[in-house]
Amino acid sequence: MTGKSESRVRTGARASSVGVALLVAFCFGVEVAQAQAIMRTPTISVPSRTPTLSPNITPRVSPNIAARAVSVGRGPRTMATIPTTSRIRPTTPVLPYARYSPNLYPACTAPYRSGDGECLAQPNAGGEGTGKSGKKSAGKGRGNNTPVALISRSFAGEFVAEIDGALSTAEADELARRHGLTRLASENFPLIGATFGLFRIADGRPYETVRREFAADGSVRSLQPNFRYMLQDQKSSAATEGDPAQYALAKLRLPQAHTLAHGANVTIAVIDSGIDARHPELANSVADNFDALGSAEGPHVHGTGIAGAIAAHARLMGSAPEARIIAIRAFGGANGGAESSSYIILRSLNYAAEHGAQIVNMSFAGPKDAVIERAIAATAARGLILIAAAGNAGAKSPPLYPAANPNVIAVSATDRQDRLFSASNRGNYIAVAAPGVDIFLPAPDGKYQVTSGTSFSAAYVSGVAALLLERNHALKPEALRMTLVKTARDLGSPGRDDLFGDGQADAFAAVMAVPADSTTPVAAAPGTTKREDAPKRREEPGARAIEQTSLSSAEDKPAVSQADRPPAR
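Throughout the sequence shown, residue numbering follows our numbering, covering 4 to 572 in sequence.
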């Protein structure tokens, strides 16, 4: 009995020892796990800071666009490098609005080729050998064929004629006058033993009519066109301007239009935020500055972009690269914002009208304003062309002003596929549309930007208007408006609509539709006109300011409740 009791005691003692040991081990193990968790160096997964370029954006972003500054938190500040892929097209230097000669003459098929190989009156404009006529279709310019005149092998309206060598200079001039011509030059060429003269049609008669009559004159020995010759040092027969990312140039047919006009001797007032006049794209373009705010703010991204859409002429190309700009700062604010007021807009319009502006670009929007409506009417009465952005408030927005004013040409925005910009305003007051999505433009401090908005569509159209005024400086505002809408390329549903107005502006068709003025245009404003009495402090507006912090975003347009404007123009 005693042995069994001792055995039980020993067994109990062993069990107790084991239990105590397990308890101690368990407790000890918990303490070690907690210490490891506390002392373990945390593992933080930090993704790569190297930007990833979207394949949808890469082809249209030029490698020389200044990268946006990114603020990175604590840690090593390593500058990320954006790799240049083969998909990014290398930059090719392009001279400002240079009139490049095409490399090859236009091709034409057998039915349009004479015995000596020369193309006849209707060569194939595209050079594809289809034998189709290059004549421009009638109507609203839905086609995009280049007229024969642009790619002609000869100089329009000019003849090289062998004339009687016994004629004096006065008699040669009389010969020209009898046939409605102007003698540009004439001399004897001993090399071929003949006297030749260069003549140009002076009275506007058809080329063929003048050619037949002139050739029949007894003093004319032979007659031919004044053919065109080009240096063969270029690789493309197409007119090239600007940067490949500027799809708007082709949409508006600006390279073709620039063979006829560049906006020379035309002054455009840009009522906007500050413009960087020192940007290479705007060198010598800003003829005058006026700060309606009386501020000391520097250049702003919006105003610089608007000026670039009009007059860029270095790496990029604006719609009127030789136009003069009156830079009127009317929009500004703290933290890079941009807003204005009735009083400031009134000051700006007054300055533009008093300082020789012929076109006023207004890439801003706000409510219907009695003071500004009165100023717009007075400006229009002086014969100024008024062009404004339709607004970026979207389909449900009521009309925004000044675009909805009947004296103003309102412009909506389209994208690369000729679709309406989703944020663009609609309405029966829209006159025309122009590219306004992903527009490649200059930015302050020598940089560049890609941006969107009806602001830039309006700027492009302001430049097109300058081309028309250079072509004929006596063109009246209503005639200019009608030229823009009648030559526009119809988009959307057939005919006029509330999205695109009469269609997308066609600069080349519009310039071709305006008869050239033979007189020399007179500059509308002196080269520099400085405002000496500009206040040093911004004046407080008499009415509430336009609530607009960013001129090119869809959210920044004020919500207004005016009734729709009067019937469509």
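C-beta atoms are modelled at their ideal positions from N, C-alpha and C, and glycine is treated no differently. For clarity, every value in this text was computed on a predicted model and none was experimentally measured.
- In the same chain as A462, and ignoring 5 residues on each side of it, the C-beta atoms closer than 7 Å to its own belong to I309, A312, I313, N364, S366, in chain order.
- The beta-carbon distance between S351 and A295, rounded to whole angstroms, is 5 Å. This is short enough to meet the 8 Å contact definition.
- Around the C-beta of A299, fewer than 16 other C-beta atoms lie within 10 Å, and the residue is accordingly described as exposed.
- Boundaries of the beta strand (DSSP E) around T185: 184–192.
- Membership of V514 in the alpha helix (DSSP H) is indicated by the continuous run 510–516.
- Pairing N229 with D520, the inter-Cα distance amounts to about 23 Å.
- Beyond the five residues adjoining it in sequence on each side, P405 comes within less than 6 Å, by CB distance, of M365, I379, A391, V411 in the same chain, given in chain order.
- Its Cα nearest to that of I166, the residue F192 stands out among R256, F192, T490.
- Shown here, K254 sits in a helix according to DSSP, grouped into three states.
- Using a 10 angstroms sphere on the CB of M320, the tally of other CB atoms reaches 16 or more, which defines it as buried.
- Using a Cβ-Cβ distance cut-off of 8 Å, the segment 252–265 and the segment 439–449 are not in contact, since fewer than three pairs of beta carbons, one from each stretch, lie closer than that value.
- Beyond the five residues adjoining it in sequence on each side, Y354 comes within less than 8 Å, by CB distance, of A272, F293, A295, I329, I331, R534 in the same chain, given in chain order.
- About 5 Å separates the beta carbons of A468 and I388, which is inside the 8 Å limit, making them a contact pair.
- With contacts defined by Cβ atoms closer than 8 Å, A173 and F217 do not form a contacting pair.
- For L255 and D509, the gap between their C-alpha atoms comes out near 5 Å.
- N287 counts as exposed, since fewer than 16 other C-beta atoms from the protein chains shown sit within 10 angstroms of its C-beta.
- Taken atom to atom, the span from the alpha-carbon of K479 to that of P518 is near 13 Å.
- I329 is bridged by DSSP to A272, D291.
- For L423, the closest C-alpha among the options G504, Q249, A341, G297 is that of G504.
- Pairing S400 with F334 gives a Cβ-Cβ distance that is not under 8 Å.
- Membership of A159 in the beta strand (DSSP E) is indicated by the continuous run 157–166.
- DSSP lists I274, A391 as the beta-bridge partner residues of M365.
- When the Cα atoms are used, G200 and G160 turn out to be separated by approximately 14 Å.
- A distance below 6 Å between beta-carbons, with the five flanking residues on each side excluded, links Q227 to the following residues of its chain, in chain order: V163.
- For the pair A251 and E325, the CB atoms are not nearer than the 8 Å cut-off.
- In terms of CA proximity to K450, R318 leads the group R215, F202, R318.
- Secondary structure remark: continuous alpha helix (DSSP H) runs of at least 4 residues inside the segment 439–471: none found.
- Shown here for P283: same chain residues with a beta carbon closer than 7 Å to its own, the five before and five after excluded, namely A317, G449 in chain order.
- Assignment of F424 by DSSP, reduced to helix, strand and coil, places it in the coil class.
- Residue burial annotation: S465 is buried, with at least 16 other C-beta atoms found within 10 angstroms of its C-beta.
- A distance below 8 Å separates the beta carbons of A436 and G506.
- Between A512 and L471, the gap from beta carbon to beta carbon reaches 8 Å or more.
- In this model, Y232 and P302 are separated by some 45 Å (Cα to Cα).
- The segment 189–220 contains, as complete beta strand (DSSP E) runs of 3+ residues, the segments 197–204 (chain order).
- In this structure G456 does not touch N408 by the C-beta definition: roughly 20 Å separates them, more than the 8 Å allowed.
- Assignment of G311 by DSSP, reduced to helix, strand and coil, places it in the helix class.
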